[in-house]
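**Q** In this note's numbering, the protein residues as written are 400 to 494.
The beta-carbon is built from N, C-alpha and C at its ideal position, and this holds for glycine as well.
Source: prediction; values computed, not measured.
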Ligand SMILES: [Zn+2]
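#1: With a CB to CB cut of under 8 Å and the five nearest residues on each side skipped, what residues in its chain are close to residue 437?
#2: Does the beta carbon of residue 462 fall short of 8 Å from some heavy atom of ligand 1?
#3: So, is residue 470 buried or exposed, given that buried needs 16 or more other C-beta atoms within 10 angstroms?
#4: If I follow the unbroken beta strand (DSSP E) through residue 459, where does it start and stop?
#5: Between 482, 404, 411 and 477, which lies nearest to residue 450 when the distance is taken from Cα to Cα?
#6: Pop quiz: residue 380 and residue 421 are said to be a contact at Cβ under 8 Å. What is the actual Cβ separation, rounded to whole angstroms?
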């Protein structure tokens, strides 16, 4: 499958901010469809920690994206699961 020529032209005309949004959008699609962010060769039960910037979706927000925040990713029964951890990977206060 190839990308339509017009679509590529539109992508070329995007400014940096729009390109970043497109990246985040595309990555989100990939993760939800295939879970590509976690390598398939990862041992069963292993957890991958990633820092991600998050868009709040508020109209006119000038500080987007927010973060980075830590997320844990792991596979459970063939499905990619994720959990929000927070700004710090290691909690310094007892939970
Ligand atoms: Zn925001």
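**A** Walking through what the data contain:
#1: For residue 437, the pLDDT reaches just 45, beneath the cut-off of 50, and the residue's location in the model is therefore unreliable, leaving the point undetermined.
#2: yes
#3: buried
#4: In the DSSP annotation of this structure, residue 459 is not part of any beta strand (DSSP E), being labelled neither H nor E.
#5: 482
#6: Outside the modelled stretch of the chain, which goes from 400 to 494, sits residue 380, for which no answer is possible.
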